[in-house]
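Enquirer: The working numbering puts the first residue of the sequence shown at 59, with every later residue one more than the last. My questions will all concern the structure given below.
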Amino acid sequence: MMPETDILPCFSASYAEAREKFLNECKARSLAVDSRLNPDAKGVGGEELYADIVRIGRSDSSSVLLLMSGTHGVEGYCGSGAQIGLLRNGFFEDLPEDLSVVMVHAMNPYGFSHDRRVNEDNIDLNRNFLNFDGPERPQSDYSKIHEFILPTDWGGPGHEFANSELAKYIEKNGINAFQAAVSSGQYQYPDGLFYGGDKPSWSNTMFRSVLSDYLADAQSVGVIDFHTGLGPYGYGELITAGSELQKARAVQWYGDQVTDPEAGTSTSASLDGMVAHGIAETLADAQITFITIEFGTEDINTVLTALRGDNWLYLRGDLNSQLGKKIKKDIRDAFYPDKDDWKLSVWSRTHEVIELAISGIGQAENDRPVRTRLT
Ligand SMILES: [Zn+2]
59 MMPETDILPC FSASYAEARE KFLNECKARS LAVDSRLNPD AKGVGGEELY ADIVRIGRSD
119 SSSVLLLMSG THGVEGYCGS GAQIGLLRNG FFEDLPEDLS VVMVHAMNPY GFSHDRRVNE
179 DNIDLNRNFL NFDGPERPQS DYSKIHEFIL PTDWGGPGHE FANSELAKYI EKNGINAFQA
239 AVSSGQYQYP DGLFYGGDKP SWSNTMFRSV LSDYLADAQS VGVIDFHTGL GPYGYGELIT
299 AGSELQKARA VQWYGDQVTD PEAGTSTSAS LDGMVAHGIA ETLADAQITF ITIEFGTEDI
359 NTVLTALRGD NWLYLRGDLN SQLGKKIKKD IRDAFYPDKD DWKLSVWSRT HEVIELAISG
419 IGQAENDRPV RTRLT
C-alpha cells in the first residue's frame, strides 16, 4: 500500500488542479484519455469543463470495473483523489487478463469547478436518470417544504421563519420523513434542492455514450460511484442499488457491510433516477454490481444547511458578498473536509473496497456457466 505521505498530494484544491493531476497521471502511464467537453458551461475560473475517461487494460475484456467521480460536483474532490491515488500507486498494473478498469473523472465538471452539488441547470445528476418520455414523475413530499427550503433571505427573518417551519415539520413527521421529503428527488421545482430535471442533462447523455463506447460488450460490470456527505466522518458506506439479484451480488462481493436504502439500512433515502438506473438501462445484457461509496463528512443538519445556503445564494444572493463567500466555504467543507485524517481514511477504505471488487468480479468470472463443452 502507498505510504501515507504520498497519498495526500493526490487530492486537489480545485477542479482544474484535479484534472491536471489526473491527465498527468494517465500520461505518465501512456494511457490515452478521452476528454468530453461540456459545451453548455464554463468553470469558476472561466476554464473549459471536461469529463475525462480512461481505460486501463484490454478493450475487449469481458469484465470491467467502472470507477466514477464527481457525479455530485463538489463531491468530486474525494473520488478524484481516490482515482489519482489508484493510478499513481500502479494499483491496476497487474490486472487479470479478462478485466479492465474504466475511470470517469468529473461526471459533473460544472459542479466540481463551482463547488456545487448540482450541475449547470441546478439538476441533481443522481436524480436525472429517469425515463422522461411519459407524463409520470416520482412524487415526494418536497412540495410541502419547498418554500422553507428556499427562504426569502439568508440570515434574516425570512430564514428564521423558514427554519422554524422546517423544525415543525420534523417534529410532526420525524427526521427520516424529512430527509426523504428533501432528498429523495423532486421534478416540480427547478429552483429547489435535489431537482431531477425535465430531460437528460449533458452529463447524463455523455455518460450513456461512454457506457456504449466502452462497456457495450462487457458481460460483468462492477461499478463504484464515489460520493460524500452522508454518514460518519471518514467512513465509506457501501450502498447498493438495482434489482434483488444485483443487490445479492453486491453482498457476495463486499459482505454484510453493504446497506440498502429500500430496506432502511442506509444513511441514504430511497432515490429515483439514479445513475445506477441509467447503467442498467444502457447495459441491459450485462451483469451489473453497483455500489455507491458514501464518505461521511459532517452531520446531516450541517450538510443540508450548506446545500440550502448554496441554492439560495445562486438564486437570490450575491456570490461576491461576505455572506456569499461564507456560504461557498460552508458547502465545500460539508462535502470535502480538507483534512489529512479524512483523506487517509478515504484512501485506505478505497484500497480495501477496490480489492474486494476485483476479487468479486473474478469470482463472477469463474461462476459463469461454460457455454460449450466438448465430451
Ligand atoms: Zn452524492
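A virtual CB, placed ideally from N, CA and C, is assigned to each residue, including glycine.
What's the C-alpha gap between Leu124 and Gln421?
Expert: Straight-line Cα distance between these residues: approximately 17 Å.
Enquirer: Does the distance from the C-beta atom of Tyr358 to that of Leu296 stay below 8 Å?
Expert: This sequence places Ile at residue 358; Tyr is not what is there. Contact flag unset, no.
Enquirer: Report the option in Asp191, Gly169 and Leu362 whose CA atom is closest to the CA atom of Leu183.
Expert: Checked all of Asp191, Gly169 and Leu362; the closest Cα to Leu183 is Gly169.
Enquirer: Can you pull the DSSP bridge partners for Ser278?
Expert: According to DSSP, Ser278 bridges with Ser121 and Gln345.
Enquirer: Go through the stretch 335-392 residue by residue and report every complete run of the alpha helix (DSSP H) that reaches 4 residues or more, in order.
Expert: Counting whole runs of 4 or more residues, the stretch 335-392 contains the alpha helix (DSSP H) stretches 358-374.
Enquirer: Assign Gln315 to buried or exposed, taking buried as 16 or more other Cβ atoms, counted over all protein chains shown, within 10 Å of its Cβ.
Expert: With fewer than 16 Cβ atoms within 10 Å of its Cβ, Gln315 is classed as exposed.
Enquirer: From Lys202 to Asn231, what does the alpha carbon distance come to, in whole angstroms?
Expert: Straight-line Cα distance between these residues: approximately 12 Å.
Enquirer: Tell me, which residues are paired with Thr408 by DSSP?
Expert: According to DSSP, which records beta bridges pairwise, Thr408 is partnered with nothing at all.
Enquirer: Give every residue of the same chain whose Cβ lies closer than 7 Å to the Cβ of Phe236, excluding the five residues on either side of it in the sequence, and list them in chain order.
Expert: Closer than 7 Å at the Cβ level, and outside the excluded window around Phe236, lie Tyr227 and Ile228.
Enquirer: Scan the stretch 75-155 and note each continuous beta strand (DSSP E) run of 3 residues or more that stays entirely inside, going in chain order.
Expert: Counting whole runs of 3 or more residues, the stretch 75-155 contains the beta strand (DSSP E) stretches 91-95, 108-114 and 121-126.
Enquirer: Which partner residues does Asp283 have in the DSSP bridge list?
Expert: Met126 and Thr350.
Enquirer: Can you say whether Thr430 is buried or exposed, counting buried as having 16 or more other CB atoms within 10 angstroms of its CB?
Expert: With a pLDDT of 39 at Thr430, under the threshold of 50, the predicted position of this residue should be treated as unreliable, and no value is reported.
Enquirer: Rank Ala239, Tyr73, Gly131 and Asn147 by C-alpha distance to the C-alpha of Ala86 and give the top, closest one.
Expert: Answer by Cα proximity: Asn147.
Enquirer: If you draw a straight line from the C-alpha of Ala99 to the C-alpha of Met165, how long is it?
Expert: Roughly 14 Å between the two C-alpha positions.
Enquirer: Heavy atom of ligand 1 less than 7 Å from the Cβ of Glu320, yes or no?
Expert: No - ligand 1 has no heavy atom lying nearer than 7 Å to the Cβ of Glu320.
Enquirer: So is the beta-carbon of His130 under 7 Å away from any non-hydrogen atom of ligand 1?
Expert: It does: the Cβ of His130 is within 7 Å (strictly closer) of some heavy atom of ligand 1.
Enquirer: Count the other C-beta atoms from every protein chain shown that fall within 10 angstroms of the C-beta of Ser121, then say buried if there are 16 or more, exposed otherwise.
Expert: Classification for Ser121: buried.
Enquirer: Using only the alpha-carbon positions, how far apart do Glu75 and Leu144 sit?
Expert: Roughly 17 Å separates the two Cα atoms.
Enquirer: Between the Cα of Arg407 and the Cα atoms of Asp318, Tyr291, Lys383 and Asn234, which residue gives the shortest distance?
Expert: Comparing Cα-Cα distances from Arg407 to each of Asp318, Tyr291, Lys383 and Asn234, the minimum goes to Tyr291.
Enquirer: Of all the options Ile207, Arg113 and Ser138, which has the alpha carbon lying nearest to the alpha carbon of Ala364?
Expert: Considering only alpha carbons, the answer is Ile207.
Enquirer: Got a sec, what are the start and stop residues for the beta strand (DSSP E) Val159 sits in?
Expert: Its beta strand (DSSP E) spans residues Leu157 to His163.
Enquirer: Helix, strand or coil: how does DSSP classify Pro323 here?
Expert: With the sequence shown as reference, residue 323 is identified as Thr, and Pro is not the correct amino acid for it. Thr323 falls in the coil class under three-state DSSP.
Enquirer: Whose C-beta lies closer than 6 Å to the C-beta of Thr433 among residues of the same chain, with five residues either side of it excluded?
Expert: Interpretation of Thr433 is limited by its pLDDT of 37, a score under 50 that renders its predicted location unreliable; the figure taken from the coordinates is listed afterwards. There are no such residues.
Enquirer: Since Glu294 is in the beta strand (DSSP E), which residue starts that stretch and which ends it?
Expert: Glu is not the amino acid found at residue 294; the sequence shown has Gly there. Its beta strand (DSSP E) spans residues Gly294 to Thr298.
Enquirer: Under 8 Å by Cβ, that's how I've got Pro196 and Gly243 pegged, so tell me the actual separation to the nearest angstrom.
Expert: That pair is a contact at about 6 Å.
Enquirer: Name the DSSP beta bridge partners of Gln246, please?
Expert: None, per the DSSP bridge assignment.
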